[in-house]
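Protein chains in written order, with our numbering: chain A, 3 to 425; chain B, 199 to 558.
Heads up, the thing below is written out as structure tokens.
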């Protein structure tokens with residue numbers, strides 16, 4: 003009986019009850035698929051996972067597995083307890099880039115299932131923390147076959163190791179009224195241009211892009227991306243006063259004041275006696291709270307674009323960093339705007355490649371060399387939107403302060419359309 | 199060997215797939231032209247475009263790690279009760295888009311009949327963002343999908359409702375690298391002992407200078423041990439972070455008893471109201487009792503109850519604590535405040551109270 007050869011899984015069995023869908027039940031379905039090439043692998047995978055639960059230790063080690071033409075994108079896993087669980091001794095993951103915005107047809111998902119049933123374990127994760135579709139569980143021999151089949155239906159490997167990584171973009175333009183630029187266009191333009199850095203890892207460490215269409219930042223870009231593009235707008239937010247009145251009538255004045263007006267971080271909102279609102283747009287920082295809550299009444303303005311923040315990462319090795327503002331605002335209307343963005347992204351990757359130490363993220367590099375040096379290299383002018391407040395330490399040499407101030411006033415004059423004397 | 203087998207296939211470097219090939223037609227037709235949305239019920243979004251086009255989205259929780267049977271079931275539902283187009287959220291929820299309001303209820307019914315909870319929208323507890331754990335990671339201190347399944351069973355009622363003060367984003371991570379990311383509540387492995395070194399393997403397995411360089415507190419140095427080149431750790435300096443373990447597997451950081459869990463609160467990605475924040479330590483040294491993490495779950499539940507009962511509408515976890523103050527938070531949750539809560543890392547001073555603002 004096939005059943006007699008199943009590993010006992012008393013710990014995992016406990017994860018089959020309860021209202022949330024169980025991945026253990028899924029693993030068992032794969033194990034129990036009669037005649038499937040992956041069934042023995044999944045039996046041993048369950049065995050090893052149960053072993054981990056009992057020993058409270060992991061038993062996978064890395065290695066080197068790749069597909070022809072690429073240096074990264076496969077996460078190799080070899081079992082350290084293969085003696086007891088031989089069928090899952092190789093259990094590699096293929097990181098595959100999803101369509102920007104994670105859109106799928108049921109047809110393409112079925113194609114993926116067919117491919118993964120033929121060559122892999124039958125287990126797929128939508129999606130990993132980097133944003134990849136993770137085809138989990140493949141032998142070394144089948145890795146190339148699985149990749150070829152996925153590649154033939156239009157999918158490509160994502161990033162791993164010291165390389166440009168798979169990016170993520172929010173649903174944005176496709177289904178969100180807050181979206182301030184075409185996230186998928188920016189996402190695809192940048193990643194496709196620098197694909198070589200993804201597929202043939204040669205950077206000091208990982209480099210991640212994430213694209214959020216508004217400051218709600220649904221793909222967590224500021225925390226998690228070396229380069230975060232966050233949609234925003236420069237002109238006044240749009241206010242439909244009739245809808246404001248309807249909102250106030252529905253929830254009441256006290257609630258409107260407590261939950262919207264007083265929650266504005268820059269005190270830019272004021273409720274009028276006739277239940278319309280005033281917005282001090284010069285003080286507004288586009289935090290999104292009032293737009294989120296009074297969704298029908300308030301909308302982003304027309305002069306849309308994005309802010310670029312750089313340097314977000316997690317713990318290793320200096321501690322957590324959030325992205326900080328590098329460009330307060332860029333326009334993203336025309337193809338030329340997007341080309342400029344792609345070019346700037348490339349300059350940042352180049353700077354990283356040339357200046358970062360091994361295993362250093364760009365946030366750490368910027369901290370090490372100082373933001374002024376990074377800005378100079380990127381030919382970006384300093385801007386008060388880059389800081390919470392100006393420096394508090396006097397330990398700085400300022401003998402060229404006047405020249406720098408002159409440059410600032412020249413720049414401001416040029417922005418205002420005035421003729422500068424030296425020209 | 200045949201010639202075909204001997205010649206490897208050249209990859210077609212297609213890059214990021216074009217989403218328009220897969221996108222729901224109403225989304226495609228109204229791309230960049232949406233006007234507003236509301237939520238007719240938890241788990242359902244209703245978007246209206248500037249031209250009056252409408253689309254309904256039904257969001258359901260998944261186990262993330264899905265077998266092909268699960269995916270095909272979700273596809274069958276998508277073909278029969280929706281219009282063949284789906285997407286996944288950042289937190290692994292599946293979304294079905296439909297162009298008619300009357301398709302929503304049968305779709306929900308079909309998903310629920312197959313055991314997929316409808317929710318994760320608005321002020322709910324959405325799916326826990328998590329890592330790979332024992333299933334696939336090479337350095338995990340605990341499991342991911344398993345313990346997350348247990349946690350989601352516990353908070354299921356809050357996934358299918360929208361009754362929290364604001365959205366709650368929970369994350370788990372199986373090592374201190376914290377791939378799960380920041381969260382209103384983050385449950386992360388916290389190692390408690392320095393690495394145990396297998397000196398027989400270090401020279402052959404590890405690039406020693408880069409391991410030395412990886413240590414955040416310069417506690418690792420090259421050494422000859424039993425006549426073999428190896429590495430040694432100054433255990434007085436060691437902060438037990440595990441940074442040396444990935445580049446040098448013979449420096450085992452995990453231990454059956456020494457790998458513990460810590461709970462952090464108040465992380466926030468969004469810029470809404472307050473600026474994004476990192477999560478802060480609440481309790482450490484909890485046992486790694488998978489599959490159900492009972493000790494962890496009890497505290498998570500307690501924090502969630504306090505937050506739900508006491509936060510004002512739209513205050514995220516961190517904003518609520520900011521208002522009531524940490525003393526009140528620790529009192530309310532009946533958790534201990536210790537010297538371990540005082541940051542000692544670079545920039546620690548900026549986390550201290552530099553004022554006479556005292557909560558009583």
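Where is the CB? At the ideal position from N, CA and C, for every residue including glycine.
Are residue i and residue j close, meaning C-beta to C-beta below 8 Å?
i                      : j                      : result
residue 261 of chain B : residue 28 of chain A  : yes
residue 48 of chain A  : residue 14 of chain A  : yes
residue 362 of chain B : residue 321 of chain B : yes
residue 232 of chain B : residue 244 of chain B : no
residue 233 of chain A : residue 215 of chain A : yes
residue 270 of chain B : residue 104 of chain A : no
residue 283 of chain A : residue 238 of chain A : yes
residue 211 of chain A : residue 193 of chain A : yes
residue 513 of chain B : residue 364 of chain B : yes
residue 312 of chain B : residue 368 of chain B : no
residue 294 of chain A : residue 401 of chain B : no
residue 481 of chain B : residue 445 of chain B : no
residue 366 of chain B : residue 316 of chain B : no
residue 102 of chain A : residue 42 of chain A  : no
residue 138 of chain A : residue 222 of chain B : no
residue 225 of chain A : residue 324 of chain A : yes
residue 257 of chain A : residue 220 of chain B : no
residue 234 of chain B : residue 297 of chain A : yes
Residues bridged to residue i by DSSP?
i                      : result
residue 105 of chain A : B:285
residue 239 of chain B : B:242
residue 458 of chain B : B:388
residue 263 of chain B : A:127
residue 76 of chain A  : A:96
residue 294 of chain B : B:256 and B:284
residue 475 of chain B : B:466
residue 419 of chain B : B:430
residue 226 of chain B : Residue 226 of chain B is not bridged to any residue.
residue 171 of chain A : A:213
residue 205 of chain A : Paired residue(s): none; residue 205 of chain A is not in a bridge.
residue 371 of chain B : B:386
residue 366 of chain B : B:323
residue 449 of chain B : B:395
residue 135 of chain A : A:98 and A:128
residue 410 of chain B : Its beta-bridge partners do not exist; DSSP assigns none.
residue 232 of chain B : B:247
residue 316 of chain B : B:258
residue 420 of chain A : Its beta-bridge partners do not exist; DSSP assigns none.
Thinking residue i and residue j are a contact (beta carbons under 8 Å), I'd like their distance in whole angstroms, please.
i                      : j                      : result
residue 22 of chain A  : residue 350 of chain B : 4 Å
residue 231 of chain A : residue 148 of chain A : Incorrect: roughly 32 Å between the Cβ atoms, too far for contact.
residue 182 of chain A : residue 307 of chain A : 7 Å
residue 343 of chain B : residue 289 of chain B : Incorrect: roughly 13 Å between the Cβ atoms, too far for contact.
residue 516 of chain B : residue 466 of chain B : 5 Å
residue 357 of chain B : residue 306 of chain B : Actually they are not in contact, since the Cβ atoms of residue 357 of chain B and residue 306 of chain B sit about 14 Å apart, beyond 8 Å.
residue 462 of chain B : residue 477 of chain B : 4 Å
residue 259 of chain B : residue 325 of chain B : 5 Å
residue 262 of chain A : residue 286 of chain A : Wrong, their Cβ atoms sit about 13 Å apart, outside the cutoff.
Using only CA atoms, which one of the options lies nearest to residue i?
i                      : options                       : result
residue 385 of chain B : B:374, B:393 and B:504        : B:374
residue 353 of chain A : A:338, A:340, A:371 and A:337 : A:371
residue 218 of chain B : A:374, A:100 and A:115        : A:100
residue 206 of chain B : A:140, A:71 and A:318         : A:71
residue 395 of chain B : B:429, B:417 and B:548        : B:429
residue 456 of chain B : B:226, B:223 and B:387        : B:387
residue 291 of chain B : B:303, B:272 and B:297        : B:272
residue 166 of chain A : A:186, A:132 and A:142        : A:132
residue 483 of chain B : B:209, B:389, B:266 and B:308 : B:389
residue 351 of chain A : A:340, A:56 and A:363         : A:363
residue 228 of chain A : A:368, A:91, A:252 and A:276  : A:368
residue 169 of chain A : A:221, A:126, A:121 and A:118 : A:221
residue 414 of chain B : A:187, A:318, A:333 and A:161 : A:318
Looking at residue i and the ligand NAP, is the gap between the Cβ and the nearest heavy atom below 7 Å?
i                      : result
residue 155 of chain A : By its list of ligands, the structure shown contains no ligand whatsoever, and the ligand NAP lies outside what it can speak to.
Contained alpha helix (DSSP H) runs [length at least 4] in the stretch 293-355 of chain A, N- to C-terminal order: List check, alpha helix (DSSP H) in window: nothing returned.
Those runs of the alpha helix (DSSP H) which lie wholly inside the stretch 345-416 of chain A and span at least 4 residues: If we require 4 residues or more, the alpha helix (DSSP H) runs fully inside the stretch 345-416 of chain A come out as 364-371 and 373-380.
Alpha helix (DSSP H) runs wholly inside the stretch 217-305 of chain A, at least 4 long, in chain order: As far as the stretch 217-305 of chain A is concerned, its whole alpha helix (DSSP H) runs of at least 4 residues are 223-226, 243-253, 255-258 and 291-295.
Whole runs of the alpha helix (DSSP H) within the stretch 7-71 of chain A, excluding any shorter than 4 residues: Here the runs fully enclosed are 12-15, 25-33 and 41-57.
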